[in-house]
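Here the structure is laid out as structure tokens; the discussion comes afterwards.
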């Protein structure tokens, strides 16, 4: 993976400033520490910071066609590039490198955009410039594994993997977008291409942006592969499991293509264990695994990690994580996430990627994506159980089933049945039933909004993120079954906007590590859309089809264990045993900082801090509110209203530098 950036003149053929491009690349140097490449010409400029994975010596970017008409700057991997390359060679195309990025240039010559996107199986974000057409395309992969941000500024369309690249220009300022923060405090991240930065947008997953002739448009080229309720075509669970096993085998094999060693993240859960097992089948005796071990036994999964490592005989490295390490790393988490978070879970992932890089690895595979597409989340169980119970709401037996939802939460199963039936009731007053699966989560999360300062609340102008999301998504959900609706919402909101960003790409690339996802292979997820709901969720047993596909290949305790979401200690991480805020976070919650930020009510925040310090009667809503407020305060301090200083740029790392005809070596202010 890499960091990409560039500018496109929407108004003419001005030549971009070379220093600006250098700054955009340097600001993302952690994404590509191996060297820089540039291209400038009339109306266009590209910058690239490279993390070398494939074709270590020859794969420097930007890349162009033989005649210089098509240029590309690329971040990510195209896992089926060898097959594509073979077909293009048969059509007479000539390649200058062995890198996967170059196939984009020749595919564009053959099929254009969106035609070429149908050929790609990978994780990517790229910019492609057709010089003859004077058209720029910004493309993001189907589920949003990799980021791609853009904004319009003084007639220039600017883009970068991270917003830091857009803020690198001298005098650039960041300003909070209140509505995007309000969305984050509901959906765990801004949705529909919004970002926390006013004026900055993201190319949404499965979309491309086209800029040409002074016009700009964003077009969807792919959608989550759920049609009407999955048909029961008579195939058995074993049939689906067998086909899934074959697709995962191939997806894993493709993700081991690299000119550097590939390791594996191992949490001890079913998904990462399955990927580790499949990876082990292709790597012989030298697979290296990397794990997180928590000091708090309530979060630690070390025993399951050891069990699988003993069976597969892999070499495992484990990073020990406790409250102090989370608190000390949290500011860096927000710096790289570029948005607030509601859980501390990204912090251990940041520390884990650091241990990967420290061990000399720069690429790992992981099990992310299985829960979303194969039915692994508790929120799916809630939806299915709620629908089952609503068909006979007077049944005491059906109501009591809610006690079985969260066996790992001691306080949940002790709740009276009547309370749980009310908690999960249908219909939900004021809600479209199509979105009922997410009512509990969105309601609990959005309690953070109660802490808003009145002036900040007024700045929202009555904006309701849930109503807006419902209006935008309702038509897509009609005709889907209960499980598929819940899956679609989860894949559309939480997956790209939190799991693959704040907890995924950003935490790995902070330490220059590329993460690959076999479960997010395009063929795997499109097949998952054809699997009937009862093969994914068998009663209250999650991921039945995945468990069957790996039968006999993983230790039974790992296959049988009840699904437990990956979590890290939240509130206890930020307080001393005596109930004092730790030094690493204390300044951000001071009355002066709260008032200066202008988002939260200081007295209400103080009450929350005192409640958390006591550690009694602190619920999920309190925990998310505390972490959300703290991380927002950090974001405001790191980004809002500040002029970031220039990142140091090493001219000795420039490996490729193109000046197109009509360009100039002079300075051209934007």
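Numbering (our numbering), first residue to last: -12 to 657.
Ideal placement from N, C-alpha and C gives every residue a C-beta, glycine not left out.
All values derive from a computational prediction rather than experimental measurement.
### Query
Considering only the beta carbon of each residue, do residue 623 and residue 43 sit closer than 8 Å?
For this step, residue 623 is matched to residue 636 along the chain shown. For this step, residue 43 is matched to residue 56 along the chain shown. Against a cut-off of 8 Å, the Cβ pair of residue 43 and residue 623 comes out as no contact.
### Query
In the structure shown, what three-state DSSP assignment does residue 259 receive?
Taking the chain shown and counting its residues from 1, one reaches residue 259 at position 272. Residue state, collapsed to three classes: helix.
### Task
Locate the beta strand (DSSP E) running through residue 323, then write down its first and last residues.
Taking the first residue of the chain shown as position 1, residue 323 is located at position 336. No beta strand (DSSP E) holds residue 323; the alpha helix (DSSP H) holding it covers 310 to 324.
### Query
residue 329 to residue 168, Cα distance in whole Å?
Working through the chain shown from its first residue, we reach residue 329 at position 342. Working through the chain shown from its first residue, we reach residue 168 at position 181. Rounded to whole angstroms, residue 329 to residue 168 spans 12 Å at the Cα level.
### Task
Look at the Cβ atom of residue 27, then the Cβ atom of residue 8, and state whether they are nearer than 8 Å.
Locating residue 27 in the chain shown gives position 40, where the first residue counts as 1. Locating residue 8 in the chain shown gives position 21, where the first residue counts as 1. Yes.
### Message
Which same chain residues end up closer than 7 Å to residue 72 when comparing Cβ atoms and leaving out the 5 residues on each side of it in sequence?
### Response
Taking the chain shown and counting its residues from 1, one reaches residue 72 at position 85. 82 and 90.
### Query
What is the residue span of the beta strand (DSSP E) that residue 116 lies within?
Position 129 of the chain shown, counting from 1, holds the residue named residue 116. Per DSSP, residue 116 belongs to the beta strand (DSSP E) from 109 to 117.
#### Entry: Beta carbon of residue 529 nearer than 8 Å to that of residue 510
The residue labelled residue 529 in the question sits at position 542 within the chain shown. The residue labelled residue 510 in the question sits at position 523 within the chain shown. No.
### Task
Just list the alpha helix (DSSP H) runs in the segment 577 to 633, keeping only unbroken ones of 4 residues or longer that don't cross its boundaries, in chain order.
578 to 584, 589 to 601 and 607 to 625
### Any 3 or more C-beta pairs closer than 8 Å across the segment 17 to 27 and the segment 634 to 645
yes
### Task
Drop a sphere of 10 angstroms on the beta-carbon of residue 151, count the other beta-carbons inside from all chains shown, and report buried for 16 or more, exposed for fewer.
Taking the chain shown and counting its residues from 1, the one referred to as residue 151 is at position 164. Counting Cβ neighbours within 10 Å, residue 151 comes out buried, since at least 16 surround it.
### Query
If we call anything under 8 Å between Cβ atoms a contact, is residue 57 one with residue 96?
Counted from its first residue, the chain shown places residue 57 at position 70. Counted from its first residue, the chain shown places residue 96 at position 109. Going by C-beta atoms, residue 57 is nearer than 8 Å to residue 96.
### Own chain, CB closer than 6 Å to residue 471, minus 5 neighbours either side, in chain order
As a working mapping, residue 471 is identified with position 484 in the chain shown. Closer than 6 Å at the Cβ level, and outside the excluded window around residue 471, lie 213.
### Task
Return the bridge partner residues of residue 252 from the DSSP annotation.
Position 265 of the chain shown, counted from the start, is the residue given in the question as residue 252. The partner list for residue 252 (beta bridge, DSSP) reads 277.
### Query
Going by beta carbon distance, what residues of the same chain come within less than 6 Å of residue 267, once the five residues before and after it are set aside?
Numbered from its first residue, the chain shown carries residue 267 at position 280. Correct list, in chain order: 274 and 299.
### Query
With C-beta atoms as the reference, is residue 505 less than 8 Å away from residue 115?
Here the question's residue 505 lines up with position 518 in the chain shown. Here the question's residue 115 lines up with position 128 in the chain shown. No, the Cβ-Cβ distance between residue 505 and residue 115 is not below 8 Å.
### Query
So, residue 342 versus residue 304, is the Cβ gap smaller than 8 Å?
Working through the chain shown from its first residue, we reach residue 342 at position 355. Working through the chain shown from its first residue, we reach residue 304 at position 317. Yes, these two residues count as a Cβ contact at 8 Å.
### Task
Output the distance between the C-alpha atoms of residue 590 and residue 481, rounded to the nearest integer angstrom.
Here the question's residue 590 lines up with position 603 in the chain shown. Here the question's residue 481 lines up with position 494 in the chain shown. One C-alpha to the other measures close to 31 Å.
### Message
Contact defined as beta carbons within less than 8 Å: I believe residue 351 pairs with residue 250. What is the distance between those atoms, to the nearest angstrom?
### Response
In the chain shown, the residue the question calls residue 351 occupies position 364. In the chain shown, the residue the question calls residue 250 occupies position 263. Yes, residue 351 and residue 250 are in contact; Cβ-Cβ is about 5 Å, under 8 Å.
### Query
Looking at the unbroken beta strand (DSSP E) that takes in residue 501, where does it start and where does it end?
On the chain shown, residue 501 is found 514 positions in, with the first residue counted as 1. That run of the beta strand (DSSP E) goes 501 to 503.
### Message
Does the CB of residue 626 have a neighbour CB from chain D at under 8 Å?
### Response
In summary, chain D is missing from the structure at hand, where a single protein chain is found.
#### Entry: DSSP state of residue 242 mapped onto helix, strand, coil
Position 255 of the chain shown, counted from the start, is the residue given in the question as residue 242. Looking at residue 242 - three-state DSSP - the assignment turns out to be coil, as it is neither helix nor strand.
#### Entry: At least three beta-carbon pairs within less than 8 Å, the segment 304 to 324 to the segment 278 to 289
yes
### Query
Excluding five sequence neighbours on each side, which residues of the same chain lie with their C-beta closer than 7 Å to the C-beta of residue 447?
For the purposes of this step, residue 447 is identified with residue 460 of the chain shown, where counting begins at 1. Around residue 447: 165, 166 and 169.
### residue 457, DSSP secondary structure in three states
Taking the first residue of the chain shown as 1, we reach residue 457 at position 470. If DSSP states are grouped into helix, strand and coil, residue 457 belongs with the helices.
### Task
Would you mind sorting residue 76 into buried or exposed? The rule is 16 or more other CB atoms within 10 Å of its CB.
What you label residue 76 is simply residue 89 of the chain shown in a count that begins at 1. Its Cβ having fewer than 16 others within 10 Å, residue 76 is exposed.
### Task
Could you please give the first and the last residue of the uninterrupted beta strand (DSSP E) stretch that includes residue 62?
Numbered from its first residue, the chain shown carries residue 62 at position 75. Note, residue 62: beta strand (DSSP E), 57 to 65.
### Message
So, does the segment 425 to 436 touch the segment 169 to 180, judging by three or more C-beta pairs under 8 Å?
### Response
yes
### Message
Just to confirm the assignment, what range does the beta strand (DSSP E) spanning residue 364 have?
### Response
Here residue 364 refers to the residue found at position 377 of the chain shown. Taken as a continuous stretch (DSSP letters only), residue 364 belongs to no beta strand (DSSP E), as it is neither H nor E.
### Task
Could you check if residue 19 is buried or exposed, using at least 16 other CB atoms within 10 Å of its CB as the buried criterion?
Locating residue 19 in the chain shown gives position 32, where the first residue counts as 1. Burial call: buried.
### Query
Quick one: what does DSSP say residue 743 is sitting in, helix, strand or coil?
Residue 743 lies beyond the residue range present for the chain, which begins at -12 and ends at 657; the question has no answer from this structure.
### Query
Name the DSSP bridge partner or partners of residue -7?
If you number the chain shown from 1, residue -7 lands on position 6. Paired residues: 33 and 146.
### Query
Out of 594, 607, 178 and 17, which has the shortest C-alpha to C-alpha gap to residue 149?
One-based indexing of the chain shown puts residue 149 at position 162. Closest option to residue 149, Cα to Cα, is 17.
### Buried or exposed by the 16-neighbour rule on C-beta atoms within 10 Å, applied to residue 567
Against the chain shown, residue 567 aligns to sequence position 580. That one is exposed.
### Query
Nearest to residue 121 by CA position, among 153, 609, -4 and 225, is which residue?
Translated into positions along the chain shown, residue 121 becomes position 134. Ranking the options by Cα distance to residue 121, first place goes to -4.
### Query
Do you know offhand how far residue 607's Cα is from residue 355's?
Taking the first residue of the chain shown as 1, we reach residue 607 at position 620. Taking the first residue of the chain shown as 1, we reach residue 355 at position 368. Going from the Cα of residue 607 to the Cα of residue 355 covers about 24 Å.
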